[in-house]
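*Asks:* This is the structure, below, for whatever I ask next.
Protein chains in written order, with this note's numbering: chain B, 1466 to 1576; chain L, 17 to 130.
Structural data, given as structure tokens:
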């Protein structure tokens, strides 16, 4: 059975801190791993990772995939209160029909 | 383009009632899907469709039916609502199943079953 596990479940940081979110997976026929940000409504797409070791960056957010150890991390540097959200990781299989989501990490950034 | 729209935004049902959650997209996307999200959990796939006339089950299909008579619409039917179906429901679409990396989500329907 396909499995996507995120850790930690939640964390509280102060503005300016750096956070690292983890996503491990066990799926057959892996195709890509996706990160989403969810702020009380629909998830919004952040990154798609397909190849190991290639960092994706968007402003203060970055992510990398390790296909040998079957995990990905999402880093947020210089956190701001607007980064408070649930961050979801999902894996797409090569068959392409189904996304399997992890349970999410809730991040609260305090002023 | 309106993108992906869902109605209603919020609904309260009594146990045993039936209802249909509506989902529509105006992007001519082939792939559409329904997810439910429960507190502290990620999204779980209920049903999906790779094109008009084609539907398939996801991870948690029991208690739900879908149909895809047009490319635009993908309604989700609750046959006999149960408290365990209290959840937030998201509809999503992508240009085709291989393009789920650019999946668009609707705003969600919050369902409470008493």
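All C-beta atoms in this analysis are idealised placements derived from N, C-alpha and C, irrespective of residue type, glycine included.
1. Whose Cβ in chain L lies nearer than 7 Å to the Cβ of residue 1507 (chain B)?
2. Apart from the five residues on each side of it in sequence, which residues of its chain come closer than 7 Å, Cβ to Cβ, to residue 1470 (chain B)?
3. With contact counted as at least three CB pairs below 8 Å, one residue from each stretch, are the segment 97 to 113 of chain L and the segment 1478 to 1486 of chain B in contact?
4. Using a beta-carbon distance cut-off of less than 9 Å, what residues from the segment 48 to 68 of chain L approach chain B?
5. Out of L:122, L:56 and L:37, point me to the one whose CA is closest to residue 80 (chain L)'s CA.
6. With distance defined between alpha-carbon atoms, name the residue in L:33, L:43, L:49 and L:51 nearest to residue 17 (chain L).
7. One question on the structure: do residue 1502 (chain B) and residue 1514 (chain B) come within less than 7 Å of each other, judged by their Cβ atoms?
8. Looking at the strands, I want to know which residues DSSP matches up with residue 108 (chain L).
9. For residue 1507 (chain B), is the classification buried or exposed, using 16 other Cβ atoms within 10 angstroms of its Cβ as the cut-off for buried?
10. What residues in the segment 1541 to 1573 of chain B bring their beta carbon closer than 7 Å to a beta carbon of chain L?
11. Leaving out five residues before and five after residue 29 (chain L) in sequence, what residues of the same chain have Cβ atoms less than 8 Å from its Cβ?
12. Let me make sure I understand the geometry here. Which of B:1574, B:1569 and B:1555 has the alpha-carbon closest to that of residue 1495 (chain B)?
*Replies:* This is what the structure gives:
1. Along the first chain, one-based indexing puts residue 1507 (chain B) at 42. The contacting residues are 106, 121, 122, 123 and 124.
2. For this step, residue 1470 (chain B) is matched to residue 5 along the first chain. Apart from the 5 residues on each side of it in sequence, residue 1470 (chain B) sits with its Cβ closer than 7 Å to the Cβ of 1489 and 1567 in its chain, given in chain order.
3. Contact between the segment 97 to 113 of chain L and the segment 1478 to 1486 of chain B is absent: fewer than 3 CB-CB pairs across the two stretches fall below 8 Å.
4. Going along the segment 48 to 68 of chain L in chain order, one finds 49, 51, 53, 56, 57, 58, 59, 60, 61, 64 and 66 with a Cβ nearer than 9 Å to chain B.
5. As a position in the second chain, residue 80 (chain L) is number 64, starting the count at 1. Ranking the options by Cα distance to residue 80 (chain L), first place goes to L:37.
6. Taking the second chain and counting its residues from 1, the one referred to as residue 17 (chain L) is at position 1. Of L:33, L:43, L:49 and L:51, the residue nearest in Cα terms is L:43.
7. Position 37 of the first chain, counting from 1, holds the residue named residue 1502 (chain B). Position 49 of the first chain, counting from 1, holds the residue named residue 1514 (chain B). Contact flag unset, no.
8. Position 92 of the second chain, counted from the start, is the residue given in the question as residue 108 (chain L). Per DSSP, the beta-bridge partners of residue 108 (chain L) are L:49 and L:121.
9. Counting from one through the first chain, the residue named residue 1507 (chain B) turns up at place 42. Residue 1507 (chain B) should be labelled buried.
10. Shown in chain order are the members of the segment 1541 to 1573 of chain B whose Cβ falls below 7 Å from a Cβ of chain L: 1553, 1557, 1561, 1562, 1563, 1564, 1566, 1567, 1568 and 1569.
11. In the second chain, the residue the question calls residue 29 (chain L) occupies position 13. Once the five neighbours on either side are set aside, the close Cβ partners of residue 29 (chain L) are 35, 94, 97, 127, 128, 129 and 130.
12. Along the first chain, read from residue 1 onward, the residue named residue 1495 (chain B) stands at position 30. Here the closest residue by C-alpha is B:1555.
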